[in-house]
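Quick notes on the structure that follows.
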Amino acid sequence: MTQPTSSVPAVPDAECAALTRTLRRRGTVVLSVFALVWAFAGASGLASPGLALAVETAAVPLAVAAVVLAYRKGAAPSPRTVNLPENWARSVGIVNVVELAAVFAAVGVCNAWGRPGFIPPAVALVVGLHFFPLARLYDQWQYQVTAGALSAVAVVGLALAAAGLPDGDVRAVVALAAAATLWASAYHVGVRG
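For the sequence shown, this note's numbering gives the first residue as 18, with consecutive numbering after it.
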């Protein structure tokens with residue numbers, strides 16, 4: 018999305034800069050919303066109602082702050098513009114449909130197996146893996162870190178569930194770690210681009 022010239026460094030055009038900012042902001046919103054969902058899911062697994070309420074109470078301003086940072090006036094433009102592959106939007110749609118189908122399949126398999134404690138790590142694994150192609154499609158290479166971190170959280174969760182940790186504890190560990198991972202990514206995208 019840059020216009021290279023023979024001996025002058027590539028300079029982004031206004032349209033590309035606007036698209037980069039839009040995608041950065043949209044990414045921050047989506048990451049923050051899903052982090053909030055994971056935080057509430059994690060809070061539901063905590064044994065202490067007071068601690069659960071504290072997590073939920075902290076989660077909302079964390080999500081709002083990430084979005085405010087992304088949309089703040091005077092925000093510096095992204096240090097680089099995105100370089101999107103051809104048909105990137107269609108490909109993103111396909112990745113998201115496959116992710117959604119895999120989430121439903123994972124939930125169905127875990128329920129059919131009679132192991133609902135495996136649902137949070139299975140879903141975290143699906144979500145983590147879907148960030149690998151998104152990193153390329155959105156030209157946001159930090160999504161590879163998000164993918165790796167969520168996948169690692171999922172593996173730990175699967176191990177904890179297999180070891181017999183109570184379902185609520187597995188849900189709390191996996192979901193709160195997933196929320197933290199998504200918020201870290203949201204803040205990075207919102208602030209650094």
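Every residue gets a Cβ at the ideal spot worked out from N, C-alpha and C, and that includes glycine.
Using the Cα positions of residue i and residue j, report the straight-line distance between them to the nearest angstrom.
| i | j | result |
| --- | --- | --- |
| Leu70 | Leu177 | 24 Å |
| Leu199 | Val140 | 14 Å |
| Leu68 | Glu32 | 46 Å |
| Val126 | Val99 | 38 Å |
| Asp30 | Leu101 | 14 Å |
| Val114 | Thr74 | 32 Å |
| Phe121 | Val208 | 33 Å |
| Ala171 | Phe148 | 14 Å |
| Gly59 | Leu167 | 14 Å |
| Gly181 | Ile136 | 14 Å |
| Leu193 | Thr163 | 14 Å |
| Val173 | Ala106 | 33 Å |
| Trp130 | Lys90 | 51 Å |
| Gln161 | Ala169 | 12 Å |
| Arg132 | Glu103 | 41 Å |
| Ala196 | Trp55 | 5 Å |
| Asn128 | Leu117 | 17 Å |
| Val191 | Ala64 | 15 Å |
Using C-beta distances below 7 Å, list every residue in its chain close to residue i, excluding the 5 sequence neighbours before and after it, in chain order.
| i | result |
| --- | --- |
| Ser95 | Thr37, Arg38, Arg41, Gly210 |
| Phe57 | Glu73, Ala76 |
Residues in its own chain within less than 8 Å of residue i by CB, not counting five upstream and five downstream?
| i | result |
| --- | --- |
| Val206 | Arg41, Gly44, Thr45, Leu48, Ala87, Gln157, Gln159 |
| Gly165 | Gly145 |
| Pro78 | none |
| Val112 | His147, Pro150, Leu151, Leu154 |
| Leu175 | Phe135, Pro138, Ala139, Leu142 |
| Gly124 | The question names Gly, but residue 124 in the sequence shown is Val. Same-chain partners within the cutoff: Ile136, Ala139, Val140. |
| Val50 | Ala80 |
Residues in its own chain within less than 6 Å of residue i by CB, not counting five upstream and five downstream?
| i | result |
| --- | --- |
| Val109 | Leu154 |
| Gly134 | Ala178, Asp184, Val187 |
| Tyr204 | Ala83 |
| Gly62 | Gly185, Arg188, Ala189 |
| Ser202 | Leu48, Thr163 |
| Leu53 | Ala76, Ala80 |
Given the structure, does residue i come close to the ligand NAP, in the sense that its CB is under 8 Å from one of the ligand's heavy atoms?
| i | result |
| --- | --- |
| Ala80 | The ligand NAP is not part of the structure shown, which contains no ligands of any sort. |
*alpha helix (DSSP H) runs contained entirely in the region 97-146, provided each spans 4 or more residues*: The qualifying runs are 105-130.
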